[in-house]
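Have a look at the structure below before the remarks.
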Amino acid sequence: MLRFLAACLILLIVACIDRGVAEEGDGLKTAALKNTVCVANSTLPSMDSGGLIFFLHIPKTGGTTIRRNLEQVEGINYVFAKDYATYSDTVEMVEDMVVNGSANQSVLFYEIHAKTAPSFFKLRRRLKRWRQTALHHGVPVFFFSLVREPISYSFSHFDFFHLQKRNPTFERCNATEEDFLRKSVYNPQCQFLFKGESSMRGQRRDAMDPDSQELMVQPEDCEDVKEQLFDLMDWVGTTELLSTETIPLLSKLLERPNIRWENHRVSKNEKGYVSFGRENVSSLATEIISGMSRLDAMLYEEVESRSQYREIIEQLG
């Protein structure tokens, strides 16, 4: 027990140090970022004659609900690039779409997700070129993503990757506060965007280890990610408002108001399975996770503050 408490105190100290590093000098950077013009369109593009919808799916943000509801819809060619091999095999479809458009007026819905798929930061130049090429050829495009409130994200990540038996490549853990803190990841959403899911798996608990520091996303990395994300995405929604914002937006964009959206959880509801959440941990644990998620919190708050996104929502009536 004493060893566990000592480990908690060390994590809290490291989290506070990380917070201090993140805040140092961020005032000017944040102010500059808020003054940039987001490309979020005040008018949604028409997909009547087909087009490209690009979905940057950060794990554990609700993307499975979007895929499961749209992958069987007529007129939507849904491509799920879940790893590098699938991405390599299908990327030419996007290249062709942004130049030639759709031959049969279908929408190419292209989702980049986890495992070994390239990170958003590695893809940023290609994404920019896709947008520019599509604009030049008059092909409608819409790029979007989702982020999640960081503490809620941490519980969902632990639940899926460490409590369920369906993930043999991850350590199977007990539903305890000690294991939750031991396996939680620093700033997982910024980490995924900047370095991909494989880097999330490689994070070590010894945050002061030089190799671990090199692996973890740094404040300046997250600033780069934020700037690129808001420059390239037409929409960044939140998991918390998925059903009231992003889903109605997609229904409007696709001109399919009659889609019966159903909630899909990747989590397996095993017999006897009990959810693990905030009510199962101490306030100290929540504070530690908050400190470990400082960069993710800044990203989430920036998404919530974007007035341009409110303009899109107003179109939905």
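Residues in the sequence shown are numbered consecutively from 9, following the numbering used here. Beta carbons are placed, not taken as given, at the ideal position from N, Cα and C, and that holds for glycine.
beta-carbon residue i near the ligand SAM non-hydrogen atom, thresh 7 Å
| i | result |
| --- | --- |
| residue 302 | Of the ligands one can find in the structure shown there are none, so the ligand SAM has no counterpart to examine. |
Residues bridged to residue i [DSSP beta-bridge criterion]
| i | result |
| --- | --- |
| residue 89 | 120 |
| residue 143 | Looking at the DSSP assignment, residue 143 forms no beta bridge with any residue, so it has no partner. |
| residue 289 | Bridge partners of residue 289: none, in fact. |
| residue 153 | 64, 244 |
| residue 99 | Partner(s): none; residue 99 has no beta bridge. |
| residue 84 | 115 |
Beta-carbon proximity check, residue i vs residue j, cutoff 8 Å
| i | j | result |
| --- | --- | --- |
| residue 115 | residue 204 | no |
| residue 136 | residue 240 | yes |
| residue 120 | residue 95 | yes |
| residue 305 | residue 158 | yes |
| residue 81 | residue 109 | no |
| residue 244 | residue 250 | no |
| residue 75 | residue 92 | no |
| residue 73 | residue 271 | yes |
| residue 155 | residue 311 | yes |
| residue 359 | residue 52 | Outside the displayed range of the chain (9 to 325) lies residue 359, so it cannot be described from this structure. |
Span of the alpha helix (DSSP H), counted from its first residue to its last, around residue i
| i | result |
| --- | --- |
| residue 245 | Looking at the DSSP string, residue 245 is not in any alpha helix (DSSP H); the run it does join, the beta strand (DSSP E), is 243 to 246. |
| residue 61 | Per DSSP, residue 61 belongs to no alpha helix (DSSP H); it is in the beta strand (DSSP E), 59 to 64. |
| residue 302 | 302 to 313 |
| residue 1 | What is shown of the chain runs 9 to 325, which leaves residue 1 out entirely. |
| residue 187 | 185 to 191 |
| residue 161 | 158 to 166 |
| residue 200 | 196 to 203 |
| residue 283 | Careful: residue 283 lies outside any alpha helix (DSSP H) and carries neither H nor E. |
| residue 256 | 255 to 261 |
Nearest-angstrom Cβ-Cβ length linking residue i and residue j, presumed shorter than 8 Å
| i | j | result |
| --- | --- | --- |
| residue 178 | residue 170 | 6 Å |
| residue 198 | residue 229 | 7 Å |
| residue 127 | residue 188 | Rounded, the Cβ-Cβ distance is 26 Å, inconsistent with contact. |
| residue 69 | residue 252 | Incorrect: roughly 15 Å between the Cβ atoms, too far for contact. |
Residue i - DSSP class collapsed to helix/strand/coil
| i | result |
| --- | --- |
| residue 299 | helix |
| residue 108 | helix |
| residue 226 | coil |
| residue 138 | helix |
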